[in-house]
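Heads up: the structure comes next, in structure tokens.
In my numbering, the protein residues as written are 39 to 415.
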């Protein structure tokens, strides 16, 4: 991230007084579509994200500049002033959610940029929300704790963007810790850090370069399926469901809803299996559960696509320990746990076979687990 460019452009546009804040994107080793079902997730923050220079301006409006979009936007902080620019809706939404929680947000200037690959399922939107939630809470002397800041980001998605997401992405962006993954219980909000330093293995993302857009998408419809099954079972979320419970109502629900719930119930246990396996240094079991998650997401939850299935089959062919789609689905990345001695072989295969099949050059990123939202200067 070119922090110097952000500071330079802020100075040119608004002056020399500012604070610089950052929040990361995230990976999720396992536990997909379980967060809004009250289950467990296992994310970690990464070393790419959003960086913003921010300073109060004494006005009754926000003046924002996005380096990535080469675009300015100005908007008032009062209700019913939602900007038309997609990226600005996130900033406005964070401001409104903070105000509703008692933070006295006033006008400010900001310049920001990001290096989270857009559309890759690494939660660039959560990084943006977390950067501004953390910064504005500090700048305007809010007293909100980190959990509330994560909730601010989540509710921004719900109320101002139109994605009924769970809490995982914002949680990971706020609470990330260098060298650690986190197991989060999305019902109780209890979490635990797990040191993650897989000796002899590397963790990498392969970006299919298939962009996905979750607003008004099948993402929300998947959530509705889960809610219908939970209601049929008389429980709040599928966190409390077992396979036997699902089988007992199979004739009462649609085949589609049955398949969605089947995936979620299985994924709940896979997260716990991976936590146990990591504690024993058993990366082969971790990898097996990753593959099981992928094919569950592909066949039962139906959020994969031809390109992602191709990449996972290629990983299997190359002997990769574990591989799966990462993120909400409908495009994005696979996350891969690869033995050091197979790394070059796998990367070479991806770079040759994927373009030959789809005419698109994939992008490959090594994963470095990093810290969460913070002021950097």
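No residue lacks a Cβ here, since even glycine has one placed at the ideal position from N, Cα and C.
*asked:* Closest to residue 405 by C-alpha separation, out of 294, 236, 101, would be which residue?
replied: Here residue 405 corresponds to residue number 367 of the chain shown, with the count starting at 1. Checked all of 294, 236, 101; the closest Cα to residue 405 is 236.
*Own chain residues within Cβ distance below 7 angstroms of residue 217, not counting five before or after*: Indexing the chain shown from 1 puts residue 217 at position 179. Contacts found: 233, 234, 235, 407.
*On the premise that residue 287 lies in contact with residue 271, defined as a C-beta separation below 8 angstroms, what is that separation, rounded to the nearest angstrom?*
What you label residue 271 is simply residue 233 of the chain shown in a count that begins at 1. What you label residue 287 is simply residue 249 of the chain shown in a count that begins at 1. Right, their Cβ atoms sit about 6 angstroms apart.
*Pairing CB atoms from the segment 136-155 with CB atoms from the segment 207-215, are three or more of them under 8 angstroms?*
no
_Please list the terminal residues of the continuous alpha helix (DSSP H) segment that includes residue 259._
Sequence index remark: in the chain shown, residue 259 carries index 221 (1-based). 256-271 is the span of the alpha helix (DSSP H), which, as asked, contains residue 259.
*Beta-carbon proximity check, residue 87 vs residue 61, cutoff 8 angstroms*: By 1-based counting over the chain shown, the position of residue 87 is 49. By 1-based counting over the chain shown, the position of residue 61 is 23. For residue 87 and residue 61, yes; Cβs fall inside 8 angstroms.
*If we count the other Cβ atoms within 10 Å of its Cβ and call it buried at 16 or more, is residue 104 buried or exposed?*
By one-based count along the chain shown, residue 104 stands at place 66. By the neighbour-count rule (16 or more Cβ atoms within 10 Å), residue 104 is buried.
*How many whole angstroms separate the CB atoms of residue 361 and residue 353, which I take to be in contact at a CB cut-off of 8 angstroms?*
Taking the chain shown and counting its residues from 1, one reaches residue 361 at position 323. Taking the chain shown and counting its residues from 1, one reaches residue 353 at position 315. Confirmed, Cβ separation roughly 4 angstroms.
*Is residue 462 helix, strand or coil by DSSP?*
With the chain running from 39 to 415 in the structure shown, residue 462 is simply not present.
*asked:* With a threshold of 7 angstroms on Cβ separation, who are the neighbours of residue 175 within its own chain once the five nearest residues in sequence on each side are excluded?
replied: Counting from 1 along the chain shown, the entry for residue 175 is found at position 137. Scanning its chain for C-beta atoms nearer than 7 angstroms, with the 5 sequence neighbours on each side dropped, one finds around residue 175 the residues 136, 141, 182, 187, in chain order.
*Buried or exposed: which applies to residue 106, given that a residue is buried once 16 or more other Cβ atoms fall within 10 Å of its Cβ?*
The sequence position of residue 106 within the chain shown is 68, counting from 1. Flag for residue 106 reads exposed.
*Cβ neighbours of residue 325 in the same chain (closer than 7 angstroms, five flanking residues each side left out)*: In the chain shown, the residue the question calls residue 325 occupies position 287. 359, 360, 375, listed in sequence order.
_Alpha-carbon to alpha-carbon, residue 350 and residue 401_ = Indexing the chain shown from 1 puts residue 401 at position 363. Indexing the chain shown from 1 puts residue 350 at position 312. Distance between the alpha carbons of residue 401 and residue 350: 15 angstroms.
*Residues near residue 290 by beta carbon distance below 8 angstroms, same chain, minus five either side*: Along the chain shown, one-based indexing puts residue 290 at 252. Excluding positions up to five away in sequence, the list reads 270.
*To which residues of the same chain is residue 192 closer than 7 angstroms at the C-beta, ignoring the five residues directly before and after it?*
Taking the chain shown and counting its residues from 1, the one referred to as residue 192 is at position 154. Taken in chain order, the residues that qualify are 203, 205, 208.
*Report the option in 116, 328, 109, 118 whose CA atom is closest to the CA atom of residue 124.*
Here the question's residue 124 lines up with position 86 in the chain shown. Of 116, 328, 109, 118, the residue nearest in Cα terms is 109.
*If we call anything under 8 angstroms between Cβ atoms a contact, is residue 169 one with residue 59?*
Stepping through the chain shown from its first residue, residue 169 is reached at position 131. Stepping through the chain shown from its first residue, residue 59 is reached at position 21. In contact: residue 169 and residue 59 (Cβ atoms closer than 8 angstroms).
*Would DSSP call residue 379 helix, strand or coil?*
Working through the chain shown from its first residue, we reach residue 379 at position 341. Helix, per DSSP.
*Give a yes or no on whether 8 angstroms exceeds the smallest Cβ distance from residue 336 to chain D.*
This model lacks chain D altogether; it includes just one protein chain.
*If we count the other Cβ atoms within 10 Å of its Cβ and call it buried at 16 or more, is residue 367 buried or exposed?*
Counted from its first residue, the chain shown places residue 367 at position 329. Buried: at least 16 other Cβ atoms inside 10 Å.
*Going by the beta-carbon positions, is the gap between residue 133 and residue 112 smaller than 8 angstroms?*
Position 95 of the chain shown holds residue 133. Position 74 of the chain shown holds residue 112. No; because the gap between Cβ atoms is not below 8 angstroms, this pair is not in contact.
_Which listed residue (64, 153, 139) has its alpha carbon closest to that of residue 28_ = Outside the displayed span of the chain (39 to 415) sits residue 28, for which this structure offers no information.
*Apply the 10 Å Cβ neighbour rule to residue 242 and answer buried if 16 or more other Cβ atoms are within range, or exposed otherwise.*
Locating residue 242 in the chain shown gives position 204, counting from the first residue. Flag for residue 242 reads buried.
*Inter-stretch contact at 8 angstroms, needing at least 3 Cβ pairs: the segment 302-317 / the segment 41-58*: no
*Identify the continuous beta strand (DSSP E) that holds residue 92 and give its terminal residues.*
Within the chain shown, residue 92 is the residue found at index 54, counting from 1. Where residue 92 is concerned, the enclosing beta strand (DSSP E) stretches over 81-94.
*For residue 97, which residues from the same chain have a beta carbon less than 6 angstroms from its beta carbon, with the 5 sequence-adjacent residues on both sides left out?*
Against the chain shown, residue 97 aligns to sequence position 59. For residue 97, where only same-chain residues beyond five positions count, the Cβ hits under 6 angstroms are 145.
*Quick one, which of 340, 346, 284, 373 has its alpha-carbon nearest residue 327's?*
Position 289 of the chain shown holds residue 327. Nearest option by C-alpha distance: 373.
*To which residues of the same chain is residue 229 closer than 8 angstroms at the C-beta, ignoring the five residues directly before and after it?*
Position 191 of the chain shown, counted from the start, is the residue given in the question as residue 229. Cβ within range, chain order: 209, 213, 220, 221, 222, 223.
_Suppose only complete runs of 4+ residues qualify. What are the alpha helix (DSSP H) ranges in the segment 183-238, listed by chain order?_
184-194, 206-213
*Outcome for residue 319 when other beta-carbon atoms lying within 10 angstroms are tallied against a minimum of 16*: Working through the chain shown from its first residue, we reach residue 319 at position 281. It counts as exposed.
_Residues near residue 415 by beta carbon distance below 6 angstroms, same chain, minus five either side_ = Locating residue 415 in the chain shown gives position 377, counting from the first residue. Taken in chain order, the residues that qualify are 58.
_Let me check understanding here. Comparing Cα to Cα, which of 312, 298, 322 lies closest to residue 334?_
For the purposes of this step, residue 334 is taken as residue 296 along the chain shown, with counting starting at 1. Residue 298 is the option with its Cα nearest to residue 334.
*Count the other CB atoms, across all protein chains shown, that sit within 10 Å of the CB of residue 52; report buried if there are 16 or more and exposed otherwise.*
Your numbering for residue 52 matches position 14 in the chain shown. Answer is buried; the Cβ neighbour count reaches 16.
*Only counting runs of 4 or more residues, tell me where the alpha helix (DSSP H) segments fall wholly within the segment 306-342, in order along the chain.*
Runs found: 321-337.
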